[in-house]
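Contents: one structure, followed by commentary.
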Amino acid sequence: MMITKNDILENLKQIIDPELEVNIVDLGLIYDIKIDEQNKKAAVFMTLTSKGCPLSNVIKFEVEESLKKLEGIENSEVNIVWEPEWNYSMIKPEILEKLHKY
1 MMITKNDILE
11 NLKQIIDPEL
21 EVNIVDLGLI
31 YDIKIDEQNK
41 KAAVFMTLTS
51 KGCPLSNVIK
61 FEVEESLKKL
71 EGIENSEVNI
81 VWEPEWNYSM
91 IKPEILEKLH
101 KY
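Start counting the sequence shown at 1; every next residue gets the next number (the UniProt record's numbering).
Right, dumping it as structure tokens:
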């Protein structure tokens, strides 16, 4: 069975940003996913909430480990990108509303 971007996104929802306590997908940190079916490879292009994020290596490692668990993916790469710069408007509206309550 072919793996889809949605499969990967659902899997990545298990990774919680420790600062905001929201998963990285709903925070809008995942910018793109490329799947190479022939080589069973997935490439994730993502950002972080700030360039100085002290847990950047931990989050990147968690994404790499999450991809390894997916059936149909044998190779993966995680690319941290800074363009466009992440901001609060990238958070899913219903999640942003919950964050504003605190």
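Just so you know, even glycine gets a beta-carbon here, dropped at the ideal spot from N, CA and C.
Sort Leu-20, Tyr-31 and Ile-15 by Cα distance to Lys-5 and report the nearest one. Tyr-31
Along the chain, where does the beta strand (DSSP E) containing Val-44 start, and where does it finish? 41-46
I believe Val-63 touches Leu-12 by the beta-carbon criterion, under 8 Å. Please report the beta-carbon distance rounded to the nearest angstrom. 7 Å
Taking the CB atoms as reference points, tell me whether Met-90 and Leu-48 lie closer together than 9 Å. no
Simplified DSSP assignment, three categories, for Asn-11: helix
Less than 9 Å between CB atoms is the rule here; does Lys-34 satisfy it with respect to chain C? Among the chains in the structure shown there is no chain C, since it carries only a single protein chain.
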